[in-house]
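So the sequence lines, in the order shown, correspond to chains A and B.
Here the working numbering runs 944 ahead of the position in the first sequence, where the first position is 1.
Here the working numbering runs 258 ahead of the position in the second sequence, where the first position is 1.
Since the structure comes first, as structure tokens, the remarks are kept for the end.
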Amino acid sequence: MAKKKFVVGCFNDEAVLFPAVKKIRTAGYKIHDVYTPFAVHGLDHALGLRETSLHTAGFIYGVTGTSTAVGSISWILAKDWPLNIGGKPSFALPAWIPITFELTVLFAAVGMVLTFCYLCQLAPFVKKHHFHARATDDLFVMVIECTDKTNVDDLKSFLSNCGAIETDVQVAEDGWWLGRYDKNEILFENKQTVAAY
Amino acid sequence: MASIRQQFEIPGKMKTWSLALIGVGLAAFVIGLVTKGISADEHEQAQFWGTLMYNTIFWTLVCNASMFFICVTTLAMGGWQQSFRRIPEAISTLVPIFGSITFAVLLYVVLSDKHHIYHWLDTEAVAKDPILSGKAGFLNPTFFIIWTTLTIGLWSLLGWRMRQISKEADEAPMDKATGARFILRNTIRAALFTVWFALTVGSTIPWLWMMSIDAHWYSTMYSWYTFASSFVSGMSLIALWVIYLKNKGYLEYTNQEHLQDIGKFMFAFSIFWTYLWFSQYMLIWYANIPEETVYFKHRVQGPYKGIFFLNLIINFICPLLILMKRSAKRNYTLVTFMAILIIFGHWLDFYQMVMGSLSKDHVTLGWLDFGILSLFVGLLIFFVGRSLASKPLIVKHHPFLKESIIHQV
């Protein structure tokens, strides 16, 4: 993946941020992401993000857990090595429910955490680019992706007009972290030279 | 605010339907009373009074769950329920009405010494029975009547006080100090109700009213199980009324976001109900002690097998699979369907809890049960409609109303 150029606008108020997001999107700019110090209600709608599929993945992991539990316990206790436990039938479903429940939760929980880390490109020792350190403190940082048609100065003044207290231009890596960094660090302007992939 | 439709007007259709249902119900009641209620046969009598018992108890608890919902959300400083809080309030006005019917039925059962329903009323048998004489301090007519009176009386009184204070939010805008005092007073009244609710529905009342039919048997889970049943049906009932009023063009401030939260309650408490169902069942199944398994014997292996497992499918599998998705909880049609299914499922659950013990040899589900059900549904529609019409639908000046309007899940 290539490095990309971004225009970054910083806002210090939620009430300014929302109309700004609306204006920027109406103007046709592509918002890469908005980094906020806390979860802002309604921002995902304003940004037009699609709903996450994480819960669908979670359901599938859960079903996997359920069937793993029921499958393995029933094979062990009813087929491979039946034991007489208190005169109960070998296929003693009620006794297995707690384990089945726990495996369902375990599979769903661990699976969803790993999927979440993968989707957000988080892993130990992976350094992520921070567009602005104060996004973790008190600034709402809007990051807009530049294309070859973007006029950076226009965009910066547009952001300032929308109420941004600070704007700048940054070039950052925007790729998947699974060994897919572009070693050559070629900017998008020169992408005609990147014929390799 | 002026454009908001605040005043509910009872549609003529609703009145006709509710009166028709009440009519059918009354007919069933009278025919039942003549053919069964005053018959010489003990089984017929037990069937008639048992049917009345589980219906009255179920609907009283379901209506009371509405007040519990208001009190609990008040204690949790919840704001999202304010845009439709007049609905649970209106439903809870039925507690005194259904409560007095329940009280009358139970009083008749206890005072006319129907020991084929409550075995512990039989003083001779109790004297000879070490288990029952050990329980005599709890299971005796005096305590039963006093505790039942207190329970229904205080539910009605504390609920009425909660509704009274909510009227103040209609009158005038509140400044910050008045608002804070209003919330504090709400909290105190809600706390009083919740404590009394915990002492009754959360522990003693289901033991006393329903579990004591199997006088020898006991389960500490039973009350929580009953509470979960009634609360999940109560939430479903609130959902039905919210959707009905939305369809009629009221409740402009209530939308899918609120519906999703109600749906979450329906989903979560269905799971909670199953958790208690299973905890009660598995411990008894595992220990396999005759005096405990006696409760499940005819339910799991006897004639109630079908109802017992149908109950589990309706009240667990269906809500689990259908209400799990976010989009399902935001879909008015699906929530309506699920709400009706859940209420029916828990009504059936109450049926097998009471009638499963009174008529162990055969399932009695028939015209009488559905007739009495129709009586209560008719009464419910009639009185809830009337009490909705008596107050504005919006708590106009409640300090948390705005929080509810901008509520987003």
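Note that CB positions come from ideal geometry on N, CA and C, so glycine has one too.
Its chain contains 351, 352 and 355 as the residues whose beta carbon lies nearer than 8 Å to that of residue 641 of chain B, once the 5 sequence neighbours on both sides are disregarded; these appear in chain order. Looking at A:1067, A:969, A:973 and A:1111, the one whose alpha-carbon comes closest to that of residue 1093 of chain A is A:973. Segment contact: the region 992–1002 of chain A against the region 1052–1060 of chain A, three or more CB-CB distances shorter than 8 Å; contact assigned. Three or more pairs of CB atoms, one per stretch, sit closer than 8 Å, so the region 469–484 of chain B contacts the region 549–560 of chain B.
For residue 607 of chain B, the CB contacts under 8 Å within the same chain, skipping 5 residues up- and downstream, are 487, 569 and 573 in chain order. Taking 8 Å as the cut-off, the Cβ atoms of residue 968 of chain A and residue 1106 of chain A count as close. No Cβ of chain B is located within less than 8 Å of the beta carbon of residue 1009 of chain A.
Around the Cβ of residue 587 of chain B, a 10 Å sphere holds 16 or more other Cβ atoms; the residue is buried. Counting C-beta pairs closer than 8 Å gives fewer than three between the region 980–991 of chain A and the region 261–271 of chain B, which falls short of the contact rule. Not flagged as an interface residue toward chain B: residue 959 of chain A, since no C-beta distance is shorter than 8 Å.
Comparing alpha carbon positions, the residue from B:498, B:585 and B:637 closest to residue 667 of chain B is B:585. Taken through DSSP and simplified to helix, strand or coil, residue 1007 of chain A comes out as helix. Counting only Cβ-Cβ distances below 9 Å, residue 1039 of chain A has contacts in chain B at 540, 543 and 544, in chain order.
The residue among B:340, B:323 and B:303 with its C-alpha nearest the C-alpha of residue 370 of chain B is B:303. Beta-carbon to beta-carbon, residue 470 of chain B and residue 390 of chain B are separated by about 10 Å, too far to satisfy the 8 Å threshold. With contacts defined as CB atoms closer than 8 Å, residue 495 of chain B and residue 594 of chain B fail to qualify as a contacting pair.
Just so you know, the alpha carbons of residue 1020 of chain A and residue 1037 of chain A end up roughly 13 Å apart.
Taking one beta carbon from each stretch, the region 628–639 of chain B and the region 272–282 of chain B have 3 or more pairs nearer than 8 Å; the two touch.
Of the residues assessed, residue 341 of chain B falls on the buried side of the cut-off, its CB having 16 or more other CB atoms within 10 angstroms. Closer than 7 Å at the C-beta level to chain A, one finds these residues of the region 524–538 of chain B: 536. Nearest to residue 531 of chain B by C-alpha distance, out of B:546, B:562 and B:575, is B:575. Residue 339 of chain B sits in a helix when the DSSP states are folded into three classes. The shortest C-alpha to C-alpha distance from residue 663 of chain B to any of B:512, B:591 and B:622 is the one to B:512. No Cβ-Cβ contact shorter than 8 Å links residue 1085 of chain A with residue 949 of chain A. Apart from the 5 residues on each side of it in sequence, residue 309 of chain B sits with its Cβ closer than 6 Å to the Cβ of 626, 627 and 630 in its chain, given in chain order.
When DSSP states are grouped into helix, strand and coil, residue 966 of chain A belongs to the helix group. Listed along the chain, the chain B residues whose CB falls inside 8 Å of the CB of residue 986 of chain A are 666. Residue 1111 of chain A: member of the beta strand (DSSP E) spanning 1110–1117, first to last residue. Between residue 1055 of chain A and chain B, the shortest Cβ-Cβ separation is not below 8 Å.
The beta carbon of residue 966 of chain A is closer than 7 Å to those of 990 in its chain, skipping five residues each way along the sequence. Here the alpha carbons of residue 1110 of chain A and residue 456 of chain B stand approximately 56 Å from one another. Within 10 angstroms of the beta-carbon of residue 571 of chain B lie fewer than 16 other beta-carbons, which makes it exposed. Under the Cβ criterion of 8 Å, residue 1002 of chain A is not counted among the residues facing chain B.
Annotation: the continuous alpha helix (DSSP H) that includes residue 382 of chain B extends over 381–386. In the three-state reduction of the DSSP assignment, residue 979 of chain A falls in the strand class. Cα atoms of residue 665 of chain B and residue 399 of chain B: separation of roughly 49 Å, rounded to the nearest angstrom.
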